[in-house]
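Asks:
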Amino acid sequence: MNKLDSALIEASLRSSDFALVGNVEEADVVLFNTCSVRDHAEQRVLSHLGHLKHIKESRPDLVVAVVGCMAQRLGDELFKQPAVDIVCGPAQIADIPRLIDEAIQEKKKTIAVTEKIRKPSSDGQALERFETEYGVEDGNIPGQAYVRAMHGCDKFCSYCVVPYVRGPETSRPPAAIVEQAKRLAQNGVKQITLLGQRINAYEYKAGDKTYCLADLLAMISDINGIEWIRFVTSYPSQKFFTEIMQVIAALPKVCRYLHLPAQSGSDKILKAMNRGYTSAQYLELIDMARQIVPDIAIAGDFIVGFPGESDDDFEQTVELLKKAQYKNSFIFKYSPRPATSADNRLEDNIPQEIKTKRNIELLKTQEKISGKLAQSFLGKTVKVLVEGPSKKSHKDNPQLVGRTATDWIVVFNGPPASAGETSPNGGPSLAGRFANVKISKTTPLTLFGVLI
Ligand code: SAM
Ligand code: SF4
């Protein structure tokens, strides 16, 4: 979601004659697009703002903006940081060019956030226009674009700040989403990733028809030029689940990948998290997904060290992770977030060392599963969308990185770079194109192979 917001902000600023520079020293304006999901992310922003305070002492004209969830959560409190000139919430990103203009011309501090975040607001329309106008290819992955299908969240999981900073759950009109996807396809985009906090809950009523995610996937599948369609993140719930799985099975453009966070394997903890399902119900969904789409890759999210999580609760999480056979899991240590019901009602009573120990154990368990799944690719040829040079790339025979439709990361030697053959982001010419790679080596997180 933040990557999409950053891309929209960048596109709108480019059209207001700004250009992106490589470092703070060259910049006239510095924007932080922030995340509030865990405290660590917020602390990093505060530390950057502290650093900018010193830079501003010698360059008082430098404009600094804090954008996104942290701006919405903390509001004018952020002006306590001397470096900050602009505070702008996620629903106000369309105002950024104007806010910057005011900060430069009038040298005043400005704030634009939603006053009552849980009430429907008129910001939605401005954001909708902004989104349609500036929806662009992802700056990091050529050929791919994020498209928001839903705003906000109404689920109120007890640990989560999202409903308080992103507002109520709303689905964008299917016609606007399809229009945006068509325009992106005309500009060379091959992969669309639909975004929503509970993307599988997408629901839009137009006349007699109710559109769900399955309809949206089918409509985007009909667009010439779009070859792969992804969607994240799904919430464990029966509603529309079968329809969505059937569309994945039926339509070759829809990637066989499901990100379905479980958060815990203990029913006691799931209840305290207000997730609304039991571990058995969660596993039933996974079984159903695999019955309809046998080769689907599934990824999970877990929080360890939630208040009251006993050794036994944690063991149940380890068991669930083993049963689910995820391709990979994102594992987080519980971070209390102000205003959430878990923080209001429950003491953060699991010591840091135990959170860390459980995090490492769960990662190790996942690594074994991922390692075995990765080995099953040995000798096989996979199709990838090439993202660009890998981190350890060599100049004369560059290593490239790509992803399969099932989200496996694949590293392989690209063709030697020749003059005039570079993509807009400087990578070798294969970036943004599809390639076939024969897998010769694997690690739990990465497949390595040879370009066919
Ligand atoms: N909407 C998605 C869902 O329901 O799973 C994910 C949203 S959240 C931004 C991404 C992940 O961050 C969650 O799946 C959860 O594992 C983790 N997360 C959210 N709040 C957290 C907290 N307070 N402490 C630690 N991890 C958290
Ligand atoms: Fe947060 Fe739960 Fe909404 Fe996901 S579904 S964004 S975890 S409140």
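Residue numbering for the sequence shown follows numbering that gives the first Met the number 0, beginning at 0 and increasing consecutively. Note that the Cβ used here is the ideal one computed from N, Cα and C, for glycine as well.
Relative to the alpha-carbon of Glu-346, which residue among Glu-24, Arg-72 and Tyr-158 has its alpha-carbon at the smallest distance?
Replies: It is Tyr-158 whose Cα lies nearest to the Cα of Glu-346.
Asks: Does Ile-359 come out as helix, strand or coil in the three-state DSSP assignment?
Replies: Here Ile-359 sits in helix by DSSP.
Asks: When you compare only the Cα positions, how much space is there between His-150 and Asp-122?
Replies: Rounded to the nearest angstrom, the two C-alpha atoms are 12 Å apart.
Asks: Gln-124 to Glu-136, Cα distance in whole Å?
Replies: Gln-124 and Glu-136: Cα-Cα distance of roughly 22 Å.
Asks: Using CA coordinates, which residue listed in Ala-341, Val-303 and Ile-225 is at the minimum distance from Asn-273?
Replies: It is Ala-341 whose Cα lies nearest to the Cα of Asn-273.
Asks: Where does Tyr-133 sit, in a helix, a strand or coil, going by DSSP?
Replies: Helix at Tyr-133.
Asks: Can Ile-243 be considered in contact with the ligand SAM, in the sense that its beta carbon sits closer than 8 Å to one or more heavy atoms?
Replies: Because no heavy atom of the ligand SAM lies under 8 Å away, the Cβ of Ile-243 does not count as near it: no.
Asks: To which residues of the same chain is Pro-423 closer than 6 Å at the C-beta, ignoring the five residues directly before and after it?
Replies: Reliability fails at Pro-423, whose pLDDT of 45 lies under 50, so the model's placement of it is uncertain and the value that follows must be treated cautiously. Nothing listed; no residue qualifies.
Asks: Could you check if Gln-91 is buried or exposed, using at least 16 other CB atoms within 10 Å of its CB as the buried criterion?
Replies: Looking at its Cβ environment, which holds 16 or more other Cβ atoms inside 10 Å, Gln-91 is buried.
Asks: Who are the near neighbours of Leu-453 in its chain, counting only those whose CB is closer than 6 Å to its CB and skipping five residues on each side?
Replies: The question about residue 453 has no answer, for the chain in this structure spans 0 to 451.
Asks: Tell me the start and end of each unbroken alpha helix (DSSP H) in the region 42-75 that is at least 4 residues and wholly inside, in chain order.
Replies: Runs found: 68-73.
Asks: Closer than 8 Å to a non-hydrogen atom of the ligand SAM - does that hold for the CB of Lys-107?
Replies: Incorrect: Lys-107 has no Cβ contact closer than 8 Å to the ligand SAM.
Asks: Could you tell me the distance, in whole angstroms, from the CA atom of Gly-275 to the CA atom of Phe-155?
Replies: Taking the straight line from one Cα to the other gives about 10 Å.
Asks: Alpha carbons only, please: which of Ile-95, Lys-79 and Arg-43 is nearest the one belonging to Glu-9?
Replies: Checked all of Ile-95, Lys-79 and Arg-43; the closest Cα to Glu-9 is Ile-95.
Asks: What three-state label does DSSP hand Asn-343 in the structure shown?
Replies: The answer is helix: DSSP assigns Asn-343 an H, G or I state.
Asks: Where the beta carbon is closer than 5 Å to any heavy atom of the ligand SF4, which residues qualify, in chain order?
Replies: Result (chain order): Cys-152, Lys-154, Cys-156, Cys-159, Val-161 and Gln-196.
Asks: Under the DSSP definition of a beta bridge, which residues are partnered with Thr-232?
Replies: DSSP output for Thr-232 lists no bridge partner at all.
Asks: Among Phe-239, Arg-182, Lys-321 and Met-69, whose alpha-carbon lies nearest the alpha-carbon of Ile-225?
Replies: Of Phe-239, Arg-182, Lys-321 and Met-69, the residue nearest in Cα terms is Arg-182.
Asks: Does any heavy atom of the ligand SAM sit closer than 8 Å to the C-beta of Phe-313?
Replies: No; taking the cut-off as 8 Å, the Cβ of Phe-313 has no heavy atom of the ligand SAM nearer than that.
Asks: Counting Cβ pairs closer than 8 Å, one from the region 432-449 and one from the region 383-393, do we hit at least three?
Replies: Flag = yes, the region 432-449 and the region 383-393 touch.
Asks: Quick one: residues in its chain with C-beta nearer than 7 Å to the C-beta of Arg-255, no 5 flanking neighbours on either side, listed in chain order?
Replies: Cβ within range, chain order: Ile-247, Val-292, Asp-294, Ile-295, Ala-296, Ala-404 and Thr-405.
Asks: Give me the residue from Phe-376, Thr-169, Thr-355 and Val-29 with the minimum Cα distance to Lys-437.
Replies: Measuring from the Cα of Lys-437, the nearest candidate turns out to be Phe-376.
Asks: Using 10 angstroms around the beta-carbon of Asn-139, count the other beta-carbons present and answer buried if the total reaches 16, otherwise exposed.
Replies: Flag for Asn-139 reads exposed.
Asks: Could you tell me if the beta carbon of Arg-336 falls within a distance shorter than 8 Å of some heavy atom in the ligand SAM?
Replies: Yes; taking the cut-off as 8 Å, the Cβ of Arg-336 has a heavy atom of the ligand SAM nearer than that.
Asks: Looking only at DSSP bridge pairs, what is Asn-412 linked to?
Replies: DSSP lists Gln-398 and Val-449 as partners of Asn-412.
Asks: To the nearest whole angstrom, what separates the beta carbons of Gly-142 and Gln-190, a pair I think is in contact under 8 Å?
Replies: Going by Cβ atoms, the distance from Gly-142 to Gln-190 rounds to 6 Å, so yes, they are a contact pair.
Asks: Please specify which runs of the beta strand (DSSP E), each continuous and at least 3 residues long, are wholly inside the region 102-162, giving them in chain order.
Replies: With a minimum length of 3 residues, the continuous beta strand (DSSP E) runs that stay inside the region 102-162 are 109-111 and 143-147.
Asks: Decide if Gly-166 is buried, meaning its Cβ has at least 16 other Cβ atoms within 10 Å, or exposed.
Replies: Buried, since its Cβ has 16 or more Cβ neighbours within 10 Å.
Asks: What does Thr-380 pair with, by DSSP beta-bridge criteria?
Replies: Beta-bridge pairing links Thr-380 to Lys-437.
Asks: Are the region 255-272 and the region 210-221 touching, with three or more C-beta to C-beta distances below 8 Å?
Replies: Judged by Cβ distances under 8 Å, the region 255-272 makes no contact with the region 210-221, as fewer than three pairs qualify.
Asks: Go ahead and pull the three-state DSSP assignment for Val-23.
Replies: It is helical.
Asks: Out of Ile-408, Thr-339 and Arg-344, which has the shortest C-alpha to C-alpha gap to Gly-370?
Replies: The candidate whose alpha carbon is nearest that of Gly-370 is Ile-408.
Asks: Can you give the beta carbon distance from Lys-107 to Pro-81, rounded, assuming they're within the 8 Å contact cut?
Replies: With a Cβ gap of about 15 Å, Lys-107 and Pro-81 do not count as contacting.
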